[in-house]
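S.K.: The following block contains the structure, expressed as structure tokens.
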Amino acid sequence: MKPARAAGLVEETDDEPTRCANIRVFAFDDLLIVIDIDRITDENVVELTTSAALDTVSIHRVANISLSTV
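Reminder that position 33 of the sequence shown reads as 50 in the working numbering, one-by-one numbering, no gaps.
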């Protein structure tokens, strides 16, 4: 698992956040997929989540999440 900054979900200039990603989290058995919805196409989301659902034989929740840099 990567921290949000290392994963590119928070961008900074001079240690001040300049962008926090709009993310969607997909929950599967033993797997979370976190997607920056502004940087990945719907087609790629479908491909990733379909593969994850088939591989894990599960899907539990999908949620849109806001990041905060408090």
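Idealized CB from N, CA, C, for every residue including glycine.
For clarity, every value in this text was computed on a predicted model and none was experimentally measured.
From residue 73 to residue 66, what distance separates their C-alpha atoms?
M.R.: The alpha-carbon atoms of residue 73 and residue 66 are separated by roughly 10 Å.
S.K.: Using CA coordinates, which residue listed in 36, 34, 54 and 33 is at the minimum distance from residue 42?
M.R.: Selected option, being the one with the closest Cα: 54.
S.K.: For residue 69, collect the residues of the same chain with a Cβ closer than 8 Å to its Cβ; drop the 5 residues on either side in sequence, then sort them by chain order.
M.R.: Excluding positions up to five away in sequence, the list reads 43, 45, 48, 50 and 76.
S.K.: Closest to residue 56 by C-alpha separation, out of 38, 22 and 34, would be which residue?
M.R.: Among 38, 22 and 34, the Cα nearest to that of residue 56 belongs to 38.
S.K.: For residue 83, which of 52, 31, 29 and 32 has the nearest alpha-carbon?
M.R.: Ranking 52, 31, 29 and 32 by Cα distance to residue 83 puts 52 first.
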